[in-house]
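S.K.: The structure's right below; bear with me while I get my questions together.
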Amino acid sequence: MIGMPSREQGITDKVLGYVVDNATPTIVRFVAINPPPLGDYVVIEDRGNNILALVKNVGSRSITLSSLSGVYDPVVVEKLSRNIGTEGNSDVFFECSARLLGNIEDLKMPRIPPLPGSRVRRASSTLLRRIFGGKPPHHIRIGQLLARPEVEVYIDVNKLVTRHTAILAVTGYGKSNTVAVIADSIARIGGTMLIFDFHGEYVSSSIGNGVNVVDPRINPRLLSISELMTLLGVEKRFYNQEYVLRKALEKLYTRQLHKNFFEDLSEELAGILRTSRRREEATAAMAVLNKIESLLDRYRDIIDDTAPDPTTRILAGKVNVVDLSRVDEDAADVVVSHILRVVLHERKMHKSGRESRIRVPILIVLEEAHILAPRDNETLSKYWLSRIAREGRKFGVGLMLVSQRPKNIDPNILSQANNLIVLRIIEPSDQRHIQEASENLSDDLVEQLPSLNTGEAVIVGPFIKIPALVKIDKFPGRLGGSDPDVVGEWLAYKEDMAEPEEETSLYTDFL
Ligand SMILES: Nc1ncnc2c1ncn2[C@@H]1O[C@H](COP(=O)(O)OP(=O)(O)OP(=O)(O)O)[C@@H](O)[C@H]1O
Ligand SMILES: [Mg+2]
């Protein structure tokens, strides 16, 4: 119950204007003397109902000019303008349109359009505070309404986790800052998160008074065969290589390790190479041996036969960060898919009452989601991401996808992200892709996306009662990845490099 539809109780402000013709149950047009800001909320009084609406368009009009339609001559307009005057003059009015969001009491949509002539009032901040407000631990603050800085905006934590979220924007407009704001609040309420950090931004951050860094060391003995194949670069089409690898692994798994996993695996492959009668088999064994060598060259510091499973290092009640800044995309794929697979498995174990390493719900953040959940390629992680997107809700595994290239994200995975935080997006193809994946993002909200400034976002989805244009809070703590002071760094370097005057010329000593 949001409130009673009465002005006395402070749900509406002054009358702004009146509904004109052609209203539908979703869109109204109204005229106003004073324009409401774009993205602000109004209340339409219609036959005893008070319907909340979001202003989606505001255009200025002149009575004189509109009665003389077809006057485009600048000289004529200049002459008329002396009578038209400026804002506030009775000749000027504003033609606005607004999207209906529902009755202010229960947010139920009207089934019939408001009547022409219905009064349009500004929604009061008291009403908006009731709609967007909340209290930890069930709600966390994310920012303020763009058009009403006095109204704080909270999101519903349960829905944030269970209904999955996408944070999308062109580069540098505030995605990581949004993650930091959310993660910090989640840490404060004792929640558990796991961030896959591609650029080492979160590792040294002060989110939740310091994060728990999970280093991405991989124990090859704990990997599945397909994870091993990806790590080695043995693609599915190299079926001879897959065959010899499986054969060598079978032998390896039935005996004690002598040295370490890859050295012993190499021994088995060398055995196949020596004894094989088929040329293709010997060639494949040779190729896999070479791949093991190059794997060890590339990843020696993350491969560790004694490393415990990364999921044993995930701490409940903490923001856990997997530092992927040292590994390339293939290795990141192996690490991420392995962790996702085990997290989902452990949560299923927990749900069925069995012993589990992850006993609390967990919110997983995947930065650069277009890399591991790509639209056109297959990755190991993509399989587990789509499993979690589909099944995670039931087992308390939430997904938060972060990307600057929405159109490159797999549409099936993106469409499972019911909550959207979309900051500035310029490219129409990106906008289209997001809209195709989400029924919540209407055209009028998409229209706002190119004009958003840093940290300003369109927020829609089950975790917020009605769509909102929000100025996201700035994370007050330490976070890597802020815009660097390029000129400052150049100047500091120049100063460091400046040699003392007497040494500036090599020839001084000879003169
Ligand atoms: N809500 C905000 N208020 C004020 N400043 C912000 C806000 N959000 C981001 N910024 C600033 O904008 C810059 C870029 O932010 P951020 O790193 O979050 O962008 P990003 O979208 O994650 O970029 P990238 O695509 O490179 O990862 C930072 O300097 C950050 O401090
Ligand atoms: Mg970022």
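Per numbering that gives the first Met the number 0, the very first residue in the sequence shown carries number 0; after that it's consecutive. By construction, the Cβ of each residue, glycine as well, lies at the ideal position given by its N, Cα and C atoms. Note that the structure is predicted; figures quoted are calculated from it, not measured.
On the premise that L145 lies in contact with G58, defined as a C-beta separation below 8 Å, what is that separation, rounded to the nearest angstrom?
M.R.: Not confirmed; about 19 Å, so no contact.
S.K.: How is E44 classed by DSSP in three states: helix, strand or coil?
M.R.: Reduced to three states, the DSSP call for E44 is strand.
S.K.: Once you ignore the five residues that flank D322 on each side, which residues in its own chain have a CB closer than 8 Å to its CB?
M.R.: Around D322: D196, G199, V202, V212, V213, D214 and P215.
S.K.: Let me know the secondary structure DSSP gives A31 once reduced to three states.
M.R.: A31: strand per DSSP, three-state reduction.
S.K.: For P547, count neighbouring C-beta atoms within 10 Å of its own C-beta (all shown protein chains included) and say buried if the count is 16 or more, exposed if not.
M.R.: Only positions 0 to 510 of the chain appear in this structure, which leaves residue 547 out of reach.
S.K.: Give me the residue from R147, K78 and H138 with the minimum Cα distance to P36.
M.R.: Out of R147, K78 and H138, R147 has the C-alpha closest to the C-alpha of P36.
S.K.: Leaving aside the five residues before and after I425 along the sequence, list all residues of the same chain whose C-beta is less than 7 Å from its C-beta, in chain order.
M.R.: Within the same chain, I425 has close Cβ partners V169 and P449.
S.K.: Going by the beta-carbon positions, is the gap between G395 and I361 smaller than 8 Å?
M.R.: Yes, these two residues count as a Cβ contact at 8 Å.
S.K.: Quick one, are the C-beta atoms of I465 and L193 less than 8 Å apart?
M.R.: Contact: no.
S.K.: Give the secondary structure of S203 by DSSP, where H, G and I count as helix, E and B as strand, and everything else as coil.
M.R.: Reduced to three states, the DSSP call for S203 is coil.
S.K.: On the CB-based measure, 16 or more other CB atoms within 10 Å of its CB, does V334 come out buried or exposed?
M.R.: Looking at its Cβ environment, which holds 16 or more other Cβ atoms inside 10 Å, V334 is buried.
S.K.: Taking buried to mean at least 16 other C-beta atoms within 10 Å of its own C-beta, is S351 buried or exposed?
M.R.: S351 should be labelled exposed.
S.K.: State whether the stretch 337-350 contacts the stretch 123-143, with contact taken as three or more CB pairs (one from each stretch) at a distance under 8 Å.
M.R.: The stretch 337-350 vs the stretch 123-143: no contact.
S.K.: Could you check if W383 is buried or exposed, using at least 16 other CB atoms within 10 Å of its CB as the buried criterion?
M.R.: By the 10 Å Cβ count, W383 comes out buried.
S.K.: At a cut-off of 7 Å, is K473 close to ligand 2 when judged by its beta-carbon and the heavy atoms of the ligand?
M.R.: No, ligand 2 has no heavy atom inside 7 Å of this Cβ.
S.K.: Return helix, strand or coil for L371, following the three-state DSSP convention.
M.R.: Note: L371 maps to helix in three-state DSSP.
S.K.: Near D12, what residues of its chain come up, given a Cβ to Cβ distance below 7 Å and the 5 sequence neighbours on each side ignored?
M.R.: These residues qualify, in order along the chain: R120, R121 and S123.
S.K.: Comparing C-alpha positions only, which one of K158, L379, S293 and R353 sits nearest to E226?
M.R.: Of the listed residues, the one whose Cα sits closest to E226 is L379.
S.K.: Helix, strand or coil for D304, going by three-state DSSP, please let me know.
M.R.: DSSP places D304 in coil when its eight states are reduced to three.
S.K.: Leaving out five residues before and five after E241 in sequence, what residues of the same chain have Cβ atoms less than 8 Å from its Cβ?
M.R.: Excluding positions up to five away in sequence, the list reads M228, V233 and K235.
S.K.: Is it buried or exposed, D443, if we count other Cβ atoms within 10 angstroms and call 16 or more buried?
M.R.: Buried, by the Cβ-count rule.
S.K.: Could you pull out every residue in the same chain whose Cβ sits closer than 7 Å to the Cβ of L100, ignoring the five residues on either side in sequence?
M.R.: Only L51, A52, L53, L106 and I465 meet the Cβ criterion.
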